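Protein chains in written order, with my numbering: chain W, 9 to 484; chain C, 45 to 392.
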């Protein structure tokens, strides 16, 4: 059931909201569990079982960890339980998501070495959302182990925190420390929350249906061309840069909006990432829930930046490599992660040069920030080429074509991309200038102006959308 | 306080409606060259005339465009031999991609061997009855057509008992409902039709039929006078065509249902009956049978060519987008069926 499907918007959501608003708190939670199971099972009812296993295991382990903490268990003993949780979760994720990938890669490696092996791949159905809920559940057990969170006494509260349908399928990855209290305590649904929730939902749909879905065919043409010229690559990469942002942030906004109108607060997942002027800033603005998860549960345990420069760089690279692999079972995602790791390391190492540049060019107002922004945007776009490409050959061909980026440039397609993206650029300029993402905040914008804006957005959603596409991040 | 709230809600609703409508107008103006203020719907393609109604030269709506002669399609080649296709919406073309309605396909087939240049001019009008003789003969005269293909739509005669034979019958309705003044209303209607599940649409149609049947008489089959009126108009059209110097080709009418209504066809039949709620479902197949028999009889009486389209364009979803209108594939089958007979008629 996609958020932009008739079944969700006209049937599922109205029924869920009406019943939800009529129920008292504890009954609301029970009902949301039922609704979320229904939502998830609409893909495939079998997907419930891995989710139940993960949730059940982590709930039980967390109870054990807290019991151990309160009854003087040794660190080693507690760590054993944590290890069970981590190994079980990652094994499940690894099996469903990466078994065939590694098997095939191993086969390819043996073949390259001259060995003709007969490795069996399995017909494995990848459960939707497994990457997201695995990380979510893991963060819970780790936080309980660290003593940063008390284990909940209610399995159903924990299950709801993992399963809750707005964030289940494609995030944002919600830490239990943020979400569990909202599950266990009564939620207030205020007029302000409703307004902002509806705002997020509408803006999310505009990004998804009007921008991302209309950009999709342009991207498809560019990336299915076996011999792209520079102009086609430039347009394709630029279009994908905005397609993936609008698709993913659109989904997140819808998820956050849906949660808000039910009284939940989800954490911010995108904070104007394309205004970033360096890789560190980019990863503080892009897919924040994932990058902060990787930082807190991978980078810091590896040592973070507490060791030597070499170990810091090593930790950055490992974190980004695994972050890339998280996105999918394919080498281009690993390459993309590696690329961003190199960017982060490069940015650290280039610190003195960058400071020198800022000093010398800083006298001209705005020039240095512009140069940094332009360079980072260009580097980000190239990263998306690696992300979207379907093979190493394609990466090589498209990269080579970028030597002449304006070769045979299709101005009509470029104009189309620009016209689709221009509302986004305009809105983000307003958001950046006003230092708030809620660009139609009723405290600052008149009711008439808001109604006109929402009407225009509604028109774009209903009548100017592209061919319906699945959300890009569903595949992760 | 209450009055202020109601007034505010009403005011803001009006602002929203006007904004949506303005967006629709800008969208139509930008993408389809539509007028910004004037009404813009399928009626924009037509204008009243001495013959009742005809295409408005240069008009556009959506994918449909009218040429300088007032007919759907491109400008005919002045050096070509003209063939006319006369009928209702099945011939005008509703669902086919632009250029794939059967007159366009027929023209490409006829011109495929490159021997001579043929123009197949689509003079059909949605909803037209075959008895629009003045319109037909005017079209033959203007184009000096050599062949006229008549693909009549029997269901347009439901409720009629007298032949038309030349009387103008249609006047473009004025926009009497306030809803019709809003461009957004048409778009919302189309969106609902596209979005609502088929089962819901069928239920809504069944409800509409039920409402009608509560206050009106519903007949099991059309009376003989209706078939007689149809046959008379068909003969009138055939004679008028022959009198104008053109050869006439009659084509029997094909539908989604073929010759037999199956239980699985009930939803499709409901969608047809919604336009003619006064006739029961079984009456439609009966009407088709009797009307097609009339077509064969009239063709024989006039010594004219006729082609049994039903045998060549099978029922079902491959050839029909709805109860009577063609898909691209159906239109192609229709054109392929007609092509040899047209060439034969031209050669004699």
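Even for Gly, the Cβ is constructed at its ideal location relative to N, Cα and C.
Owing to the predicted nature of the structure, the values given are computational and were not obtained by experimental measurement.
Counting only runs that start and end inside the stretch 82-113 of chain W, the alpha helix (DSSP H) elements of at least 4 residues fall at 83-101.
The residue among W:215, W:74, W:211, W:88 with its C-alpha nearest the C-alpha of residue 151 of chain W is W:74. Of the residues C:176, C:243, C:206, the one whose Cα lies closest to the Cα of residue 312 of chain C is C:243. Neighbours of residue 71 of chain C across chain W, judged by C-beta separation under 9 Å: 467, 471, 472.
Residue 331 of chain W places its beta carbon less than 8 Å from that of residue 302 of chain W. The C-beta of residue 386 of chain W has fewer than 16 other C-beta atoms within 10 Å across all chains shown, which makes the residue exposed.
Contact annotation, residue 155 of chain W with residue 77 of chain W: C-beta distance approximately 7 Å; criterion of less than 8 Å satisfied.
For residue 372 of chain W, no Cβ of chain C is located within less than 8 Å of the residue's own Cβ.
Between the beta-carbon of residue 96 of chain W and that of residue 60 of chain C there is about 52 Å, and that puts the pair past the 8 Å contact cut. For residue 366 of chain W, same chain residues with a beta-carbon under 8 Å away, outside a window of 5 residues either side, are 376 in chain order. Look at the beta carbons and you see the stretch 299-313 of chain C not touching the stretch 185-193 of chain C: under three pairs across the two are nearer than 8 Å. Neighbourhood of residue 56 of chain C in chain W, by CB distance below 8 Å: 455, 456, 459, in chain order. Only residues of its own chain outside the window of five on either side were considered, and among them 375, 378, 379 have a CB closer than 6 Å to the CB of residue 146 of chain C, listed in chain order. Annotation: the continuous alpha helix (DSSP H) that includes residue 245 of chain W extends over 238-269. With fewer than 16 other Cβ atoms from the protein chains shown falling within 10 Å of its own Cβ, residue 53 of chain W counts as exposed.
For residue 59 of chain C, the chain W residues whose Cβ falls inside 8 Å of its Cβ are 456, 459, 460, 463, in order along the chain. Counting along the chain, no alpha helix (DSSP H) covers residue 292 of chain C; the unbroken beta strand (DSSP E) around it starts and ends at 291-295. For residue 85 of chain C, the three-state secondary structure derived from DSSP is coil.
Annotation: residue 237 of chain C has no Cβ neighbours in chain W at a cutoff of 9 Å; minimum Cβ distance is about 12 Å.
Between residue 9 of chain W and residue 50 of chain W, the alpha-carbon positions lie close to 6 Å from each other. Going by C-alpha positions, residue 296 of chain W is about 11 Å away from residue 289 of chain W. With respect to chain W, the C-beta atom of residue 280 of chain C has no partner C-beta closer than 8 Å. Secondary structure at residue 106 of chain C: coil, using DSSP grouped into helix, strand and coil. Contact annotation: residue 445 of chain W and residue 439 of chain W have beta-carbon atoms nearer than 8 Å. In the three-state scheme derived from DSSP, where H, G and I count as helix and E and B as strand, residue 98 of chain C is classed as strand. Its chain contains 88, 89, 90, 91, 110, 114 as the residues whose beta carbon lies nearer than 8 Å to that of residue 100 of chain C, once the 5 sequence neighbours on both sides are disregarded; these appear in chain order. For residue 128 of chain C, the enclosing beta strand (DSSP E) begins and ends at 125-131. The alpha-carbon of residue 275 of chain C is positioned some 29 Å away from that of residue 373 of chain C. Between residue 251 of chain W and residue 227 of chain W a beta carbon distance of about 5 Å is seen, short of the 8 Å cut, so the two are scored as contacting. With a minimum length of 4 residues, the unbroken runs of alpha helix (DSSP H) contained wholly in the stretch 11-68 of chain W fall at 21-30, 33-49. For residue 439 of chain W, the enclosing alpha helix (DSSP H) has its first and last residue at 419-442.
In the DSSP assignment, residue 91 of chain C is bridged to C:98. Close to chain C, meaning a Cβ-Cβ distance shorter than 7 Å, are the following residues of the stretch 14-47 of chain W: 14. Residue pairing by DSSP puts residue 195 of chain C in a beta bridge opposite C:131, C:295. With contacts defined by Cβ atoms closer than 8 Å, residue 291 of chain W and residue 278 of chain W do not form a contacting pair. Residue 163 of chain W and residue 25 of chain W have their C-alpha atoms roughly 24 Å apart.
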